[in-house]
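Residues 704 to 904 (the numbering used here) make up the sequence shown, in order.
Following: one structure in structure tokens, then a few remarks.
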Amino acid sequence: MTEQLISKKDLLVECDITYGQLYRWKRKKLIPDEWFIRKSTFTGQETFLPKTKVLQRIKAIQQYKNDYALDEMAKLFEAASNEPKAEYWDNEALIKTWAGFFKQEIGEKLLAQYPEDTAVYVGTILNEVITRSILSMDEAQALQAFLLESAHNNKTAELYICRKFAVTFYLLVEQNTPIQLDNSVRVIEIISAENLFKKEG
């Protein structure tokens, strides 16, 4: 079956993006060069792209552009392209590919630099917040530093991820301990490392 194509003009309208955005993503290798196909039409030369693939890819870029830097997304897309039958990007592919990327790029570095119990504790929480898109990569890096400073005596505590006036911050609170926050603070998520280990077990 011949793959259905979409013209570049129609793509810009359907996805509500600009020419500049499309070609910036192309330069960043988020959209492969080979997807841009030049064809002759009655009005002259026009650029077409494989419709299903490019719509899925742009949807993923728009969904995750606030959580990942473009270069990070490019690495994940490249890794996904090496997976059998991974023709385009979707949520399932994101989680699967990120899990492998996390293990290699972050988990192994933690294990190489810190005691195993600390690395597993910090890595498990980071994996949870990133694969579930709770935090951006920049926020996750700040969380990693916070957890490494506190890991020696707070492994049974609950992690509160909070936001106030667009600033994200973290609290470690012993389980079943009531806390009071002012009304301007929004609790994004409460994570228990113990519960994550039980879920994996």
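Here a beta-carbon is modelled for each residue, glycine too, at the ideal position from N, C-alpha and C.
On a predicted model such as this, the values are computed, not experimentally measured, just so you know.
Inter-residue spacing [alpha-carbon to alpha-carbon] between residue i and residue j
{"i": "L850", "j": "V825", "result": "6 Å"}
{"i": "A896", "j": "L829", "result": "10 Å"}
{"i": "L714", "j": "G810", "result": "38 Å"}
{"i": "S839", "j": "V832", "result": "9 Å"}
{"i": "R889", "j": "E877", "result": "19 Å"}
{"i": "M776", "j": "I893", "result": "27 Å"}
{"i": "I683", "j": "L814", "result": "This structure gives no information on residue 683, because the portion of the chain shown stretches from 704 to 904."}
{"i": "S710", "j": "L874", "result": "50 Å"}
{"i": "Q766", "j": "S836", "result": "10 Å"}
{"i": "Q724", "j": "C718", "result": "11 Å"}
{"i": "D841", "j": "L862", "result": "18 Å"}
{"i": "E852", "j": "T871", "result": "17 Å"}
Buried or exposed (CB count within 10 angstroms, at least 16 for buried), residue i
{"i": "F868", "result": "exposed"}
{"i": "I764", "result": "buried"}
{"i": "R760", "result": "buried"}
{"i": "F745", "result": "exposed"}
{"i": "L884", "result": "exposed"}
{"i": "Y697", "result": "Past the edges of the chain, shown from 704 to 904, lies residue 697, and the structure says nothing about it."}
{"i": "I740", "result": "exposed"}
{"i": "V757", "result": "buried"}
Other residues of its chain near residue i: CB distance less than 7 Å, five sequence neighbours each side excluded
{"i": "L773", "result": "K731, L733"}
{"i": "K742", "result": "E749, F751"}
{"i": "A843", "result": "L829, V832, I833"}
{"i": "W728", "result": "I734, I764"}
{"i": "W738", "result": "L752, P753, K756, V757"}
Cβ neighbours of residue i in the same chain (closer than 6 Å, five flanking residues each side left out)
{"i": "Q707", "result": "K754"}
Please give me, in chain order, every unbroken run of the beta strand (DSSP E) with length at least 3 that falls completely inside the segment 726–760. Counting whole runs of 3 or more residues, the segment 726–760 contains the beta strand (DSSP E) stretches 740–744, 747–753.
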